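Have a look at the structure below before the remarks.
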Amino acid sequence: MFYSNSLGAIHCNRLDGFQFQERFGRGTTDILSSEPFWLDISNPSRCELEYIQKAFEIHPLTIEDIVASDTRQKVDVFPNYYYILIKSIGDDLQAIQSLPISILMLGECIVSIHFHQNEHVRRVIQK
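The sequence shown lines up with residues 1 to 127 when you count with our numbering.
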């Protein structure tokens, strides 16, 4: 899911599915550099994580932390971004579980990454 004030929420199943040029007549680089945005990625493939790593200059150890399911909550500071790992609580009240959400804060954008369905994202967009 991609969200910005001017474009609203755009949902797609893969990172290469946003098709900014086709939808808005503007390239990805133009859109990503023109205003703050939020990119929420659910269940990314290894290829998508490599794309994020290259596109946003993310340290390889951060990608390892994103993939690891047993990492504790933390905040890491890098020269060009902050990496924050939080634990969210799932929506199933019968089987409460702790669900990790990785957050990258990069200048004027936020990238959240998780490997589970997350109703919290939907609720934030609705507000």
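Just so it is clear, CB atoms sit at the ideal spot from N, CA and C, and this is done for glycine as well. Model, not experiment: these values are computed from the prediction.
Check, Outcome
"Just verifying my parser: in three-state terms, what is the DSSP assignment at F20?", "helix"
"What residue range does the alpha helix (DSSP H) around L61 cover?", "P60 to V67"
"So is H11 buried or exposed if we call it buried at 16+ other beta carbons inside 10 Å?", "exposed"
"For Q21, which residues of its own chain have a beta-carbon under 6 Å away from its beta-carbon, when the five flanking residues on both sides are left out?", "G27"
"Go through its chain and collect everything with a Cβ distance to E57's Cβ below 7 Å, but skip five positions before and after it.", "N80"
"Need the endpoints of the alpha helix (DSSP H) that C47 sits in, please.", "R46 to F56"
"Which whole-angstrom value describes the C-beta separation of F178 and F37, a residue pair presumed to lie in contact below a C-beta threshold of 8 Å?", "With the chain running from 1 to 127 in the structure shown, residue 178 is simply not present."
"Does the Cβ of P100 have 16 or more other Cβ atoms within 10 Å, making it buried, or fewer, making it exposed?", "buried"
"Just the Cα atoms here: how many angstroms apart are Y51 and P44?", "10 Å"
"Of the choices D70, S34, G25 and I63, whose alpha-carbon is the least far from that of Y82?", "I63"
"Tell me the DSSP secondary structure of L39 in three-state form.", "strand"
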